[in-house]
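If you count the sequence shown from 1, you need to add 196 to reach the working numbering.
Everything below concerns the one structure shown next.
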Amino acid sequence: MKVFFKTYGCQMNINDTEIMSGILLENGFDIVASLQEADVVILNTCVVRQKSQDKYHSELGQLLKFKKQGRLKIIGIAGCGSNLEAEKLLELGADFVIGSRSINEISNILNRAIHGEKIVFLTDTICSVNSDLPRLRSSKHHAWITIIHGCNRFCTYCVVPYTRGREKSRPMDDILREVKKLIQDGVKEITFLGQNVDAYGKDLKDGTNLARLIEQASEFENIKRIWFLTSYPTDITDELIETIAKNPKAAKSFHIPVQSGSNRILKLMNRRYTKEQYLDLVKKIRDKIKDVSISSDIIVGFPTETLEDHNETVEFVKNIEFERLNLAVYSPRDGTVASKYFKDDVDRKEKTRRLNELLELQKQINKRLNEKYLNQCVEVIVEGNTKDGLYYGRDIRNKIVIFSGQNLSLGDAVFVKISRTTAGPLYGEMQKKCGL
Ligand code: SAH
Ligand code: SF4
Ligand code: F3S
């Protein structure tokens, strides 16, 4: 039987799709690249915003039509939507719904669905991912590795703690076993993943932490770069900053969502820091790590956000100069504290205006920051080819670089001299050595 996955949401869902694909492949299913070829379609869903939820609902509607026409046999739902609205999805017509902590059961569940059962399978406490599970990775040189599941933070707007459950770290030796296997497959870059990746190890209570994991993983000779996503501001320790500063394989890139530049809004969001504390953290990181890249997320139009609050965020963004910023308009999520107790009272047009103002500001900042790269030489790991015969990849600060070169393979590390900059990618030519 041919299975097609459609994946929404964050890298954790991407990683889960890779694991489910690996398991199905090992159990005799084929994984196909398009819906048209498939007998089974599994939607790996995201519910972080209403828009994300609407997207897979409309896809499900489409799939149900295909199924009626006999073009499709089974429709499955995985991911965060499963955890949030399993029964409803079954009622709508899905054949099975599997939770994100139960993905190791995908083959059994699919087999039962093929035999006509309608199934909701959610496990709450077990975190099923370990290095023994097979994976069908989409990249040959880079791998996502989920190291901590769930979230304990309960920001008032966010649905993730309700879908992914509480924080649960994987044992470090199991993660290192996974890295070892990856090396045998030729992987050179890895990204450690978690909703709060820097909370890694806290629940294990044996001294395990992200800094130590990065140190250990960097000892594998074939691993060239180590990334980590996403950091919660107050979980970044001095030890982690020191480790990133001194370990040449650790990417000089922190993604630290701030969400707002107004202390009043931060408090309503239950983010447990002030903008001053966040600024101090950024200063500390920048003092210790030369040219470090710091990126962030901001929510625009949170309930009661006044023009003053918004202007504080604008000033904050100007002051910090993030290397990258993900902006989102506040979206009320059922079951969260914010949707229960705070009215979504910022006018829709005004939300869009605020979003656009920040987008424009960030574009200017990107442009200015990127100009500093002109004539510099950076080390890039090759990730692929562009349509017009160039190569692209990223440097250790997560800058996308497009460049001319010859006979390169994915995963090769090369030097590139930057000859043109934009608000987006940098452009350049490959060099034999930097400084020549
Ligand atoms: N754990 C990370 C982020 C996880 S969700 C952190 O705490 O920072 C990814 C991003 O989605 C968040 O940073 C936030 O900016 C956005 N987001 C989450 N819930 C949202 C909501 N209800 N409305 C709009 N954006 C939201
Ligand atoms: Fe959501 Fe907050 Fe947890 Fe991030 S820290 S996943 S925003 S509850
Ligand atoms: Fe979406 Fe779940 Fe990730 S809600 S952002 S897929 S953790």
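The C-beta atom is built at its ideal place from N, Cα and C for all residues, glycine as well.
Worksheet item: Cα-Cα, which of Leu-220, Lys-264 and Val-513 is closest to Ile-685?
Response: Here the chain covers residues 197 to 632 and nothing more, so residue 685 does not appear.
Practice prompt. Kindly examine the ligand SAH and report whether one of its heavy atoms sits closer than 7 Å to the Cβ of Gln-391.
Written response: yes
Worksheet item: Per the contact definition of three or more C-beta pairs closer than 8 Å, is the segment 417 to 429 in contact with the segment 445 to 462?
Response: yes
Fill in: Assumed close pair Arg-373, Gly-218 - CB separation to whole angstroms, cut-off 8 Å
With a Cβ gap of about 15 Å, Arg-373 and Gly-218 do not count as contacting.
Worksheet item: Helix, strand or coil: how does DSSP classify Ala-609 here?
Response: Taken through DSSP and simplified to helix, strand or coil, Ala-609 comes out as strand.
Worksheet entry | Range covered by the alpha helix (DSSP H) that runs through Glu-287 | Looking at the DSSP string, the run of the alpha helix (DSSP H) that includes Glu-287 is 276 to 288.
Worksheet item: Which residue or residues does DSSP assign as beta-bridge partners of Asn-576?
Response: Before going further, note that residue 576 is Val rather than Asn in the sequence given. Val-576 is bridged to Val-610.
Fill in: Residue nearest to Gly-631 in terms of C-alpha spacing, selected from Cys-573, Tyr-358 and Tyr-537
Cys-573
Item to complete: Return helix, strand or coil for Gln-265, following the three-state DSSP convention.
Response: coil
Worksheet item: Is it the case that the CB of Ser-449 approaches a heavy atom of the ligand SAH more closely than 7 Å?
Response: no
Worksheet item: Under 8 Å between the Cβ atoms of Gly-457 and Thr-509?
Response: yes
Discussion item. Is the beta carbon of Tyr-569 closer than 8 Å to that of Leu-622?
Written reply: Yes, Cβ-Cβ distance for Leu-622 and Tyr-569 is below 8 Å.
Discussion item. Suppose you measure from the CA of Gly-607 to the CA of Leu-557; what does that come to, to the nearest Å?
Written reply: 34 Å
Practice prompt. Would you mind reading off the limits of the alpha helix (DSSP H) that contains Met-197?
Written response: Premise fails: Met-197 is in no alpha helix (DSSP H) and is neither H nor E.
Practice prompt. Using the DSSP secondary-structure output, state which residues sit across from Val-496 in a beta bridge.
Written response: Val-525
Practice prompt. Can you have a look at Ser-365 and say buried or exposed, based on whether 16 or more other CB atoms are within 10 angstroms of its CB?
Written response: buried
Worksheet item: So, using beta-carbon positions, are Ile-371 and Leu-378 closer together than 8 Å?
Response: no
Discussion item. Given the structure, does Cys-276 come close to the ligand SAH, in the sense that its CB is under 7 Å from one of the ligand's heavy atoms?
Written reply: no
Item to complete: Could you give the DSSP three-state label for Ser-449: helix, strand or coil?
Response: strand
Worksheet item: CB-CB under 6 Å to Leu-409, same chain, minus the five flanking residues each way: which ones, in chain order?
Response: Met-368
Worksheet entry | Nonlocal neighbours in the same chain, by C-beta distance under 7 Å from Ser-248, ignoring five residues either side | Tyr-204, Gly-205 and Cys-242
Discussion item. If I measure Cβ to Cβ from Thr-404 and keep anything under 6 Å in the same chain, skipping five residues before and after, which residues do I get?
Written reply: Met-368 and Gly-397
Discussion item. Using the three-state DSSP reduction, which class does Thr-433 fall into: helix, strand or coil?
Written reply: coil
Worksheet item: Taking the C-alpha atoms as reference points, what is the distance between Asp-402 and Ala-229?
Response: 43 Å
Item to complete: Indicate, with yes or no, if the ligand SF4 has a heavy atom lying under 7 Å from the CB of Cys-630.
Response: no
Worksheet item: Cβ of Pro-367 within 7 Å of any heavy atom in the ligand SF4?
Response: no
Practice prompt. Just tell me which of Glu-579, Met-465 and Lys-486 has its CA closest to the CA of Ile-494.
Written response: Out of Glu-579, Met-465 and Lys-486, Met-465 has the C-alpha closest to the C-alpha of Ile-494.
Worksheet item: Does the beta-carbon distance from Leu-551 to Val-496 come in below 8 Å?
Response: yes
Worksheet item: Is Ile-495 near the ligand SAH, judged by its Cβ being under 7 Å from some heavy atom?
Response: For the ligand SAH, at least one heavy atom lies less than 7 Å from the Cβ of Ile-495.
Fill in: Residue burial classification, Asp-320 (beta-carbon count within 10 angstroms, cutoff 16)
Counting other Cβ atoms within 10 Å of its Cβ, Asp-320 stays below 16 and is therefore classed as exposed.
Practice prompt. Please classify Arg-564: is it buried, with 16 or more other beta-carbons within 10 angstroms of its beta-carbon, or exposed?
Written response: An exposed status is given to Arg-564, since fewer than 16 other beta-carbon atoms sit within 10 Å of its beta-carbon.
Fill in: Nonlocal neighbours in the same chain, by C-beta distance under 7 Å from Glu-255, ignoring five residues either side
Lys-202 and Leu-239
Item to complete: Measure the C-alpha to C-alpha separation of Ser-535 and Val-293 and round it to an integer number of angstroms.
Response: 26 Å
Fill in: Minimum length 3: unbroken beta strand (DSSP E) runs contained in the segment 301 to 352
Taken in chain order, the complete beta strand (DSSP E) segments of 3 residues or longer contained in the segment 301 to 352 are 315 to 317 and 338 to 342.
Practice prompt. Between the Cα of Lys-269 and those of Lys-314, Leu-280, Asn-279 and His-253, spot the shortest distance and give me the residue it belongs to.
Written response: Lys-314
Fill in: Proximity to Gln-610 [Cα-Cα], best of Ala-619, Ile-598 and Met-626
Checking the sequence, you will find Val at residue 610 rather than Gln. Measuring from the Cα of Val-610, the nearest candidate turns out to be Met-626.
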